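Numbering-wise (the numbering used here), the sequence shown opens with residue 51 and increments by one.
C-beta: ideal position from N, C-alpha, C; glycine also.
All figures in this text were calculated on a predicted structure; none of them were measured in a lab.
Here is the structure we will look at.
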Amino acid sequence: MRLFVAVGVPAEVKRALGEAQKDLPEEGGLKKVEIPQMHITLKFLSDVNPRMLDRVDGVLREIAFAPFRVKVRGIGVFPNDKYIRAVWAGCESPELEDLAKLVNEKLAGMFAQEEFAPHLTIARVKRKLVLDDYLKKYADEKFGEFAVREVYLVESVLSRAGPKYNILSTYGSR
51 MRLFVAVGVP
61 AEVKRALGEA
71 QKDLPEEGGL
81 KKVEIPQMHI
91 TLKFLSDVNP
101 RMLDRVDGVL
111 REIAFAPFRV
121 KVRGIGVFPN
131 DKYIRAVWAG
141 CESPELEDLA
151 KLVNEKLAGM
161 FAQEEFAPHL
171 TIARVKRKLV
181 LDDYLKKYAD
191 EKFGEFAVRE
201 VYLVESVLSR
211 AGPKYNILST
221 YGSR
């Protein structure tokens with residue numbers, strides 16, 4: 051099972067990001083994330099043995115967090131503007147970063163620890179692409195703000211049509 055831990059994004063923020071996606075070039079090497087699929091990944095778990103699912107779920111149920119707000123602002127790229135592999139919108143929230151760190155630490159016995167970069171992917175890039183004008187245009191664009199009250203354990207099922215996401219469990223704030 052291909053799993054990740056994520057925060058959902060409300061429709062109005064997704065719509066605003068969808069408008070920004072329209073300015074991306076229509077090139078074969080660029081694949082836009084479908085608007086309904088947009089989310090913030092706190093931790094990608096990769097391929098997980100289904101027998102570990104209860105253990106992962108149990109660990110995530112132990113994580114307590116208070117509701118908090120996230121601002122979505124600005125567009126950037128990974129790893130850099132000379133070699134683009136992903137186009138993202140920035141997510142600003144110290145609490146989001148703290149929650150991702152906590153998820154990473156709690157799952158450290160089962161999965162490799164990794165740095166969290168607060169972002170929301172809006173496109174993936176397969177070949178060399180120049181987006182200088184696009185990045186300048188959206189550098190400080192505000193896409194919205196929203197409250198985070200839940201975190202999800204999500205299964206990603208890959209197919210030729212693209213990934214399909216299934217929420218396996220929901221974990222609420224306390």
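Residue i: first and last residue of the uninterrupted alpha helix (DSSP H) it sits in
i	result
residue 144	144 to 156
residue 84	Taken as a continuous stretch (DSSP letters only), residue 84 belongs to no alpha helix (DSSP H), as it is neither H nor E.
residue 114	Per DSSP, residue 114 belongs to no alpha helix (DSSP H) and is neither H nor E.
residue 224	Segment: none, residue 224 is in no alpha helix (DSSP H) and carries neither H nor E.
residue 63	61 to 71
Closest residue to residue i among the options (Cα-Cα distance)
i	options	result
residue 60	198, 215, 216, 177	198
residue 69	95, 56, 52, 125	125
residue 225	167, 106, 193, 52	Look at the range of the chain in this structure, 51 to 224, and you will see that residue 225 is not part of it.
residue 160	84, 195, 101	101
residue 104	218, 223, 222, 181	218
residue 200	133, 67, 224, 180	224
Boundaries (first-last residue) of the beta strand (DSSP E) holding residue i
i	result
residue 109	Taken as a continuous stretch (DSSP letters only), residue 109 belongs to no beta strand (DSSP E), being part of the alpha helix (DSSP H) at 103 to 111.
residue 126	118 to 130
residue 78	Counting along the chain, residue 78 falls outside any beta strand (DSSP E), and DSSP gives it neither H nor E.
residue 56	52 to 58
Beta-ladder partner(s) of residue i, from DSSP
i	result
residue 219	203
residue 137	127, 173
Beta-carbon proximity of residue i to residue j, cut-off 8 Å
i	j	result
residue 162	residue 92	no
residue 204	residue 188	no
- Could I get the ranges of all uninterrupted beta strand (DSSP E) runs contained in the segment 147 to 211, with 3 residues as the minimum, in chain order? 169 to 175, 192 to 198, 200 to 207
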